[in-house]
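Shown next, in structure tokens, is the structure this report addresses.
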Amino acid sequence: MMAELAAPEVYAPRTIQVWRTLLNWLAFFFQIFAQILRGTPSFTQVLSYVGLRHGSFLSSAPHAPPHFKPLPVVELSEFAEEPEEAPPPSSHPPLAAAVPIAGGGRLLNASSLEKLTVVLDLDETLVCAYETSSLPAMLRTQATEAGLKWFELECVSSDKEFEGKPKINYVTVFERPGLKEFLKQLSDFADLVLFTAGLEGYARPLVDRIDVENQFSCRLYRPSTINTEYREHVKDLSCLSKDLCRTVIVDNNPFSFLLQPLNGIPCVPFAAGQPHDEQLLEVILPLLKHLSLQKDVRPILYERFHMPEWFQKHGIPAFGKDKCRLKSKVFMILFFSQGRLS
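The C-terminal position of the sequence shown is numbered 342 in UniProt numbering, with every residue numbered one higher than the one before it.
Below you can see the structure in the form of structure tokens.
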């Protein structure tokens, strides 16, 4: 997730810039070679190793989040209501066994429900952006030839030049495959909210380009995030509604929704080296369509991702803080007392 324009660039003489570019290229090929030898991470990570992405665009968290298991492609094409079955043996926590994902929960008539609220992250979820001067022409050419849509953007930085004039940063933005169709179909059954940790000077003109139809009913930028003892720039969904049973957030950084782990969908990060990515239309959209028919999205998302346990494994208490933990205990008590939420 790109946060935007954090530190001003230091002027360097032309000779130093040439040497720095040469060293970046050497490091780039060395990292690719090392990746081949040890069969490593994604192309996105290789790019971040050699500094091809401008550091100020990346998430402001001091360390990259631990790798989260990608959202898999599962059988989501047909969500027909099936007869209820007895829960499987308790190899998972009781709550996980209470809502079988195969049966899809209890489907309701969409007309009897409030519209689903879908909160979408921006960087590495809907788009990926690179500092134009640091983007190799080879990468742009390969992405373009593969059909990836991109555009260049001028962003006003919060930093000032030495004469007091606003600093302009130039970035190249790649759209995740299927982005326009994803937003179009999603807006038919959900209210869309854009929530990014990026600053408005960077994010606003970018969203203007990808949302020409004004499908986002609300746009939230970094000032709307909060800092916790565990992570900075956390997206607290309670600023949108007190009742979050029909609210879901899609974000490549799970720590963004650590305060409401039962409302989150962790998606695979997107980079320009993935021109054939199908996550938006083939994985995320079908899941959101299914969630739109649920009275409460949280049991299904818990069954699917077990995010509270994931946070605990990474040193963050379940549900982020005491009041969230208390709310979740009440939720679980109600869940078991009713047998299944309807």
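Even for Gly, the Cβ is constructed at its ideal location relative to N, Cα and C.
Assuming residue i is part of the beta strand (DSSP E), what are its boundary residues?
| i | result |
| --- | --- |
| Tyr130 | Val127 to Glu131 |
| Ile249 | Thr247 to Asp251 |
| Ile316 | Taken as a continuous stretch (DSSP letters only), Ile316 belongs to no beta strand (DSSP E), as it is neither H nor E. |
| Leu120 | Leu116 to Leu120 |
| Pro266 | Gly264 to Pro266 |
For residue i, count the other beta carbons within 10 Å of its own beta carbon; 16 or more makes it buried, fewer makes it exposed. Which is it?
| i | result |
| --- | --- |
| Lys289 | buried |
| Gly315 | exposed |
| Ser256 | buried |
| Val268 | buried |
| residue 363 | As shown, the chain starts at 1 and ends at 342. That puts residue 363 outside it, with no answer to give. |
| Val283 | buried |
| Asn263 | buried |
| Arg176 | buried |
| Glu213 | exposed |
| Thr141 | exposed |
| Glu278 | exposed |
| Pro223 | exposed |
| His239 | Reading off the sequence shown, one finds Cys at residue 239, where the question assumed His. The residue is exposed, with fewer than 16 neighbouring Cβ atoms inside 10 Å. |
| Leu22 | exposed |
| Leu259 | buried |
| Gly147 | exposed |
| Asp251 | buried |
| Leu244 | buried |
| Leu26 | exposed |
| Gly164 | exposed |
Assign residue i to one of three DSSP states: helix, strand, or coil.
| i | result |
| --- | --- |
| Ala190 | strand |
| Thr144 | helix |
| Lys149 | coil |
| Glu154 | strand |
| Pro166 | strand |
| Pro308 | helix |
| Leu220 | strand |
| Glu282 | helix |
| Phe255 | helix |
| Glu175 | strand |
| Gly299 | Checking the sequence shown, residue 299 turns out to be Pro, not Gly. Pro299: helix per DSSP, three-state reduction. |
| Phe195 | strand |
| Leu113 | coil |
| Gly55 | Caution applies to Gly55, whose pLDDT of 37 falls short of 50 and renders its modelled position unreliable; the value that the coordinates give is listed next. Of the three classes helix, strand and coil, the one that applies to Gly55 here is helix, per DSSP. |
Can you give me the start and stop residues for the alpha helix (DSSP H) that residue i sits inside?
| i | result |
| --- | --- |
| Gly201 | Glu200 to Ile210 |
| Leu285 | Leu285 to Leu291 |
Go through its chain and collect everything with a Cβ distance to residue i's Cβ below 7 angstroms, but skip five positions before and after it.
| i | result |
| --- | --- |
| Thr132 | Glu152, Tyr170, Val171 and Thr172 |
| Cys128 | Phe174, Phe270, Ala271 and Ala272 |
| Leu285 | Phe182, Gln185 and Leu186 |
| Pro65 | Reliability of the predicted coordinates at Pro65 is poor, the pLDDT of 42 falling under 50, and the value obtained from them is presented with this limitation in mind. Closer than 7 angstroms at Cβ, skipping near neighbours: Asn253, Pro254 and Phe255. |
| Leu281 | Gly178, Glu181 and Phe182 |
Whose C-beta lies closer than 6 angstroms to the C-beta of residue i among residues of the same chain, with five residues either side of it excluded?
| i | result |
| --- | --- |
| Thr228 | Val234 |
| Leu135 | Thr172 |
| Ser187 | Gln215 |
| Val193 | Val119 and Cys218 |
Enumerate in chain order the residues of its own chain whose CB-to-CB distance from residue i is below 8 angstroms, with the five nearest sequence positions on each side excluded.
| i | result |
| --- | --- |
| Gln312 | Ala318 |
| Lys180 | Ile210 |
| Asp236 | Thr225, Ile226, Leu259 and Gln260 |
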